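Chemist: Taken in order, these protein sequences are the chains called S, W, F and A. If you count the first sequence from 1, position 227 lands on 227 in the working numbering, and the numbers rise without skipping. Adding 237 to a residue's 1-based position in the second sequence gives its number in the working numbering. Adding 474 to a residue's 1-based position in the third sequence gives its number in the working numbering. Adding 692 to a residue's 1-based position in the fourth sequence gives its number in the working numbering. Even glycine gets a Cβ: it sits at the ideal position worked out from N, Cα and C. All of these numbers come straight from a predicted model, not from anything done at the bench. Take this structure first; my questions come after.
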Amino acid sequence: MAGFDKVVSSYAEAMAGLTDNMTVIAGGFGLCGIPEGLINQIKLMQTRGLTVVSNNCGVDDFGLGVLLVDKQIKKMISSYVGENALFEQQLLQGELEVELTPQGTLAEKMRAGGAGIPAFYTATGYGTPVGEGKESRQFNGRDYILEEAINGDFAIIKAYKADRYGNCIYRHTAQNFNPMAATAGKMTVVEVEHIVEPGEIPPSQIHTPGIYVDRVIQGSFEKRIERKVTAAATTRA
Amino acid sequence: MAGFDKVVSSYAEAMAGLTDNMTVIAGGFGLCGIPEGLINQIKLMQTRGLTVVSNNCGVDDFGLGVLLVDKQIKKMISSYVGENALFEQQLLQGELEVELTPQGTLAEKMRAGGAGIPAFYTATGYGTPVGEGKESRQFNGRDYILEEAINGDFAIIKAYKADRYGNCIYRHTAQNFNPMAATAGKMTVVEVEHIVEPGEIPPSQIHTPGIYVDRVIQGSFEKRIERKVTAAATTRA
Amino acid sequence: MALSREQIAMRVAQEFKDGDYVNLGIGIPTLAANYVPNDIEVMLQSENGLLGMGPNPTEAELDADMINAGKETVTAITGASIFNSAESFAMIRGGHVDFTVLGAFEVDVFGNIASWMIPNKLIKGMGGAMDLVAGAKNIIVTMTHADKHGQSKLLAQCTLPLTGVNCITRIITDLAVLEILDGAFYLRERAPGVSIDEIKAKTAGKLVVPDNVPEMQV
Amino acid sequence: MALSREQIAMRVAQEFKDGDYVNLGIGIPTLAANYVPNDIEVMLQSENGLLGMGPNPTEAELDADMINAGKETVTAITGASIFNSAESFAMIRGGHVDFTVLGAFEVDVFGNIASWMIPNKLIKGMGGAMDLVAGAKNIIVTMTHADKHGQSKLLAQCTLPLTGVNCITRIITDLAVLEILDGAFYLRERAPGVSIDEIKAKTAGKLVVPDNVPEMQV
Numbered sequence: 001m002a003g004f005d006k007v008v009s010s011y012a013e014a015m016a017g018l019t020d021n022m023t024v025i026a027g028g029f030g031l032c033g034i035p036e037g038l039i040n041q042i043k044l045m046q047t048r049g050l051t052v053v054s055n056n057c058g059v060d061d062f063g064l065g066v067l068l069v070d071k072q073i074k075k076m077i078s079s080y081v082g083e084n085a086l087f088e089q090q091l092l093q094g095e096l097e098v099e100l101t102p103q104g105t106l107a108e109k110m111r112a113g114g115a116g117i118p119a120f121y122t123a124t125g126y127g128t129p130v131g132e133g134k135e136s137r138q139f140n141g142r143d144y145i146l147e148e149a150i151n152g153d154f155a156i157i158k159a160y161k162a163d164r165y166g167n168c169i170y171r172h173t174a175q176n177f178n179p180m181a182a183t184a185g186k187m188t189v190v191e192v193e194h195i196v197e198p199g200e201i202p203p204s205q206i207h208t209p210g211i212y213v214d215r216v217i218q219g220s221f222e223k224r225i226e227r228k229v230t231a232a233a234t235t236r237a
Numbered sequence: 238m239a240g241f242d243k244v245v246s247s248y249a250e251a252m253a254g255l256t257d258n259m260t261v262i263a264g265g266f267g268l269c270g271i272p273e274g275l276i277n278q279i280k281l282m283q284t285r286g287l288t289v290v291s292n293n294c295g296v297d298d299f300g301l302g303v304l305l306v307d308k309q310i311k312k313m314i315s316s317y318v319g320e321n322a323l324f325e326q327q328l329l330q331g332e333l334e335v336e337l338t339p340q341g342t343l344a345e346k347m348r349a350g351g352a353g354i355p356a357f358y359t360a361t362g363y364g365t366p367v368g369e370g371k372e373s374r375q376f377n378g379r380d381y382i383l384e385e386a387i388n389g390d391f392a393i394i395k396a397y398k399a400d401r402y403g404n405c406i407y408r409h410t411a412q413n414f415n416p417m418a419a420t421a422g423k424m425t426v427v428e429v430e431h432i433v434e435p436g437e438i439p440p441s442q443i444h445t446p447g448i449y450v451d452r453v454i455q456g457s458f459e460k461r462i463e464r465k466v467t468a469a470a471t472t473r474a
Numbered sequence: 475m476a477l478s479r480e481q482i483a484m485r486v487a488q489e490f491k492d493g494d495y496v497n498l499g500i501g502i503p504t505l506a507a508n509y510v511p512n513d514i515e516v517m518l519q520s521e522n523g524l525l526g527m528g529p530n531p532t533e534a535e536l537d538a539d540m541i542n543a544g545k546e547t548v549t550a551i552t553g554a555s556i557f558n559s560a561e562s563f564a565m566i567r568g569g570h571v572d573f574t575v576l577g578a579f580e581v582d583v584f585g586n587i588a589s590w591m592i593p594n595k596l597i598k599g600m601g602g603a604m605d606l607v608a609g610a611k612n613i614i615v616t617m618t619h620a621d622k623h624g625q626s627k628l629l630a631q632c633t634l635p636l637t638g639v640n641c642i643t644r645i646i647t648d649l650a651v652l653e654i655l656d657g658a659f660y661l662r663e664r665a666p667g668v669s670i671d672e673i674k675a676k677t678a679g680k681l682v683v684p685d686n687v688p689e690m691q692v
Numbered sequence: 693m694a695l696s697r698e699q700i701a702m703r704v705a706q707e708f709k710d711g712d713y714v715n716l717g718i719g720i721p722t723l724a725a726n727y728v729p730n731d732i733e734v735m736l737q738s739e740n741g742l743l744g745m746g747p748n749p750t751e752a753e754l755d756a757d758m759i760n761a762g763k764e765t766v767t768a769i770t771g772a773s774i775f776n777s778a779e780s781f782a783m784i785r786g787g788h789v790d791f792t793v794l795g796a797f798e799v800d801v802f803g804n805i806a807s808w809m810i811p812n813k814l815i816k817g818m819g820g821a822m823d824l825v826a827g828a829k830n831i832i833v834t835m836t837h838a839d840k841h842g843q844s845k846l847l848a849q850c851t852l853p854l855t856g857v858n859c860i861t862r863i864i865t866d867l868a869v870l871e872i873l874d875g876a877f878y879l880r881e882r883a884p885g886v887s888i889d890e891i892k893a894k895t896a897g898k899l900v901v902p903d904n905v906p907e908m909q910v
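Spelled out as structure tokens, the structure:
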């Protein structure tokens, strides 16, 4: 049984092996579905020179933004980074590199990385700055650009439930990039709200099969809401 | 509401618009998870010159095999076609064309077709007859071949449950190629065991979101087992 | 008179057909959800992984795991589905979303759009905009016809970095509805009380004015 | 004496490590599941979309929706997951499956394998074999050392259409365990009572015989 028991008992154990200059792929969209404790552990470890692949970079004091405080991130690969004053400052001062990638291309690059597809063609970004320097080609009369896969040394994931085999499900829109990120890490670490018994998640409902997962840790989450908008504030016709 | 009510009441309505020489993508693996009634409807319609994309071609008297009887299939794109005497006979007599495609490449080609990816690189088939005539290229020192997407005029799908929006779930390994096939049809028709009320399938458990589905029909299934093997027949150490 | 944001949104909503899957960008596009005609139903796609987006939640319904692409808390309607980002963009890039409505800085007569980056200002990123303009079957751009300095946003050629090329066919501004065809803006409707001369004056790219340009019904 | 099919399967099972994800081809490879050592656990992947394949069902458990890649009825173990074919081959092609065991017609000293097609006989197709040999981290080929006419299946160069190139490193036959290294078969173990001369005689490709070639423990 030991071979498939992926549950670890400390954040230190969960992130063991992370060293300077590694590439870390992080699930999450804004502050939704982010592995809060694993990010905080990276801050604690003071690992530096990181390339971080994630749709966004959190906010100044929460999520991936906390890794900016001590300049642990060398390069960010994201589709949107507009929520973060520290990010802007480090970018303008040349202390931080950013590779802006269309959101769908980013998701597909992670999936490709996990699925053994080194590169794929997409119409997204053709004729724009994103397509500059990339091969383009026509298929059926339409122009496409070639985009390459992304793989990470680590993938850090937030799931709702996981069992000790690493089988995961996500809750609502906290799913987002997490399933693709989970496939693309050499070492995939999942921080979960609930560790459940094997079999508790029906096999066909598992979002991330355990084969992609190396470590599972019981997390504790703040689950901060980035933009709280209620029905009272926006009336609908 | 009418715009999202995709339930049709007859097989004739379900397959309306299918004409000679079209490409039909069919879900299923062997006889498992196949749209039995939709296949029988194609036989009834006597549509000819079809290109059929499906992992297998059924058996002589069941599944896609029934379309061979009156030579309705012009070309078959499959990974394995060894279960069918009629298939062999028509192939040897030059009445049927076959394009053998590795199973993973076939699944990925369907997914690519649905996802707007015209082509992708894969290591599968490099250096083999499958790679002949295809572009090859190295990424990170490894050789890959370029494979193009598959789209169909029709996709015929077998699901376990669907609601009127077309949201589907599959049961056990009857899932197989169905979700990819569903995304790759211009007209996607789903034959289901149970039509359920919207909301009955929790949103995060839906395997095929209704956006891919055009028509839903209540089917009735034989669900034949191709190779019945029981524990009594194979003892385990 | 120039349309209000709400009136632009109303006019956008008239484009929808029963059964359309629609992705609405932040700002005016999002408002269009409020004006969907009562006799039709559309389903809203949010590119973070939600098809069947509902209204914002009540205080009691608030859920950190339930947000839209603008990172705002939302709900899901009955019949909604929720999925991962790759699946979400498979829908978008595969052409399964019928309509995308989004804002822009500039549009030109070739159907090019610039909407994500102003050089020498901070670059925040394109999010899903490049995927949306590359993937949707129909794209409607909503924007004011001219910027606050009176400079036209409908150009002979975009000056800002592009979001997509040859992809825009329909624009709804505070002054007009225009179609892009054969390298020109075709004036299809004008805002109530807005003169064709004003629209001409505020359209920098080639404008074709048919004999009959009805007023918008908003 | 040459190993039986069961003995080959036993020797294959010795290769597995605790926690391995394993895909077993039809025939001898499938038998290996019966001989997994008691102190380790492996998880079987079936490429039609099942991770955690269990034994065949009882009559009462029979279910047309629960089959393996050989189209035989099976069960799922506790902890199994079930998914679509694209996901299944993402696992395989992405290198997440630790071990693939499959049969072959021929293997050569370059690690090429031919296993799916004999020209002028009916072509049934490659199924998932090309994906498996392109994707797995470790591949073990199991076969008889020679065909029924005594012709070697371990060649200087494959003569049949290939399934994959430069991908095989380990072969377990009825006579021997061999490793492919630097353009040669290295003899690692021999079947109990089988002479090195017999193995030499039945190996057409370059064979390197170390000083010490222990007998297999089966």
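Over what stretch of residues does the beta strand (DSSP E) that includes residue 519(F) continue unbroken?
Modeler: Run containing residue 519(F): 517 to 520, per the beta strand (DSSP E) assignment.
Chemist: Per DSSP, what are the beta-bridge partners of residue 745(A) in this structure?
Modeler: The partner list for residue 745(A) (beta bridge, DSSP) reads 768(A).
Chemist: Measure from the alpha carbon of residue 18(S) to the alpha carbon of each residue in 140(S), 162(S), 184(S) and 38(S), then state which is nearest.
Modeler: Out of 140(S), 162(S), 184(S) and 38(S), 38(S) has the C-alpha closest to the C-alpha of residue 18(S).
Chemist: Helix, strand or coil, according to DSSP, for residue 455(W) in the structure here?
Modeler: Of the three classes helix, strand and coil, the one that applies to residue 455(W) here is strand, per DSSP.
Chemist: Is DSSP giving residue 889(A) helix, strand or coil here?
Modeler: Residue 889(A) falls in the helix class under three-state DSSP.
Chemist: Taking just the CA atoms, how far does residue 245(W) sit from residue 224(S)?
Modeler: Taking the straight line from one Cα to the other gives about 45 Å.
Chemist: Going by C-alpha to C-alpha distance, which of 554(F), 638(F) and 483(F) sits closest to residue 448(W)?
Modeler: Minimum Cα distance to residue 448(W) is reached at 554(F).
Chemist: In terms of alpha-carbon separation, which member of 702(A), 901(A), 736(A) and 847(A) lies closest to residue 4(S)?
Modeler: With distances taken between Cα atoms, residue 4(S) lies closest to 736(A).
Chemist: Can you tell me the Cα-Cα spacing of residue 889(A) and residue 803(A), whole angstroms?
Modeler: If I take the Cα positions, the gap works out to 23 Å.
Chemist: When you compare only the Cα positions, how much space is there between residue 611(F) and residue 644(F)?
Modeler: The alpha-carbon atoms of residue 611(F) and residue 644(F) are separated by roughly 12 Å.
Chemist: Can you grab the Cα-Cα spacing for the pair residue 213(S) / residue 264(W), in whole Å?
Modeler: Rounded to whole angstroms, residue 213(S) to residue 264(W) spans 29 Å at the Cα level.
Chemist: Use the C-beta contact count for residue 911(A): other C-beta atoms within 10 angstroms, 16 or more gives buried, fewer gives exposed.
Modeler: With chain A running from 693 to 910 in the structure shown, residue 911(A) is simply not present.
Chemist: Buried or exposed for residue 273(W), going by 16 or more other Cβ atoms inside 10 Å?
Modeler: When all chains shown are included, residue 273(W) counts as buried.
Chemist: Taking 8 Å as the CB-CB limit, is residue 441(W) close to chain S?
Modeler: Yes, its Cβ sits closer than 8 Å to a Cβ of chain S.
Chemist: Quick one: Cα of residue 815(A) to Cα of residue 335(W), how far?
Modeler: Cα to Cα, residue 815(A) sits roughly 10 Å from residue 335(W).
Chemist: Check the Cβ of residue 174(S) against every Cβ in chain F and list those closer than 7 Å, keeping chain order.
Modeler: Those are 539, listed as they occur along chain F.
Chemist: Less than 8 Å between the C-beta atoms of residue 286(W) and residue 258(W), yes or no?
Modeler: Yes, they are a contact pair.
Chemist: Going by DSSP in three states, residue 830(A) sits in which element: helix, strand or coil?
Modeler: Residue 830(A): strand per DSSP, three-state reduction.
Chemist: Which word fits residue 462(F), buried or exposed, when buried means at least 16 other C-beta atoms lie within 10 angstroms of its C-beta?
Modeler: This structure leaves residue 462(F) out entirely; chain F is present only between 475 and 692.
Chemist: Quick check on the DSSP output: the beta strand (DSSP E) that includes residue 486(F) runs from which residue to which?
Modeler: Note, residue 486(F): premise wrong, no beta strand (DSSP E); alpha helix (DSSP H) at 479 to 487.
Chemist: Taking three-plus beta-carbon pairs below 8 Å as touching, is the segment 123 to 137 of chain S in contact with the segment 195 to 209 of chain S?
Modeler: Cβ pair count under 8 Å is below three, so no.
Chemist: Does DSSP put residue 138(S) in a helix, a strand or coil?
Modeler: Strand, per DSSP.
Chemist: Can you find a CB in chain F that lies within less than 8 Å of the CB of residue 391(W)?
Modeler: Not closer than 8 Å to any Cβ of chain F, the Cβ of residue 391(W) fails to qualify, so no.
Chemist: Quick one: what's got a C-beta closer than 8 Å to residue 640(F)'s C-beta in the same chain, skipping five residues either side?
Modeler: Only 584, 585 and 586 meet the Cβ criterion.
Chemist: Could you give the first and the last residue of the continuous alpha helix (DSSP H) run that contains residue 303(W)?
Modeler: 303 to 306 is the extent of the alpha helix (DSSP H) around residue 303(W).
Chemist: Sorted by chain position, which residues of the same chain lie with C-beta nearer than 6 Å to residue 237(S)'s C-beta, five sequence neighbours on each side aside?
Modeler: Annotation note: pLDDT 37 at residue 237(S) (below 50); position unreliable, no value reported.
Chemist: So what does DSSP say about residue 445(W), is it helix, strand or coil?
Modeler: Strand, per DSSP.
Chemist: Just the Cα atoms here: how many angstroms apart are residue 577(F) and residue 280(W)?
Modeler: C-alpha separation (whole angstroms): 49 Å.
Chemist: Please specify which runs of the beta strand (DSSP E), each continuous and at least 3 residues long, are wholly inside the segment 275 to 333 of chain W, giving them in chain order.
Modeler: Correct list: 287 to 290 and 310 to 315.
Chemist: Any contact of the segment 645 to 653 of chain F with the segment 599 to 609 of chain F, i.e. 3+ C-beta pairs under 8 Å?
Modeler: No, they do not touch.
Chemist: Look up residue 563(F) in the DSSP assignment and say whether it is helix, strand or coil.
Modeler: It is helical.
Chemist: Check the Cβ-Cβ distances between residue 32(S) and every residue of chain F, and say whether any is below 8 Å.
Modeler: Residue 32(S) counts as touching chain F.
Chemist: What does DSSP give as the partner residues of residue 117(S) in its beta bridges?
Modeler: Paired residue(s): none; residue 117(S) is not in a bridge.
Chemist: Let me know the secondary structure DSSP gives residue 607(F) once reduced to three states.
Modeler: If DSSP states are grouped into helix, strand and coil, residue 607(F) belongs with the helices.
Chemist: To the nearest angstrom, how far is the alpha carbon of residue 535(F) from that of residue 527(F)?
Modeler: Answer to the nearest angstrom: the Cα atoms are 14 Å apart.
Chemist: Against chain W, does residue 649(F) count as a neighbour if the rule is that its beta carbon must be under 8 Å from one of theirs?
Modeler: Output row for residue 649(F): interface = no.
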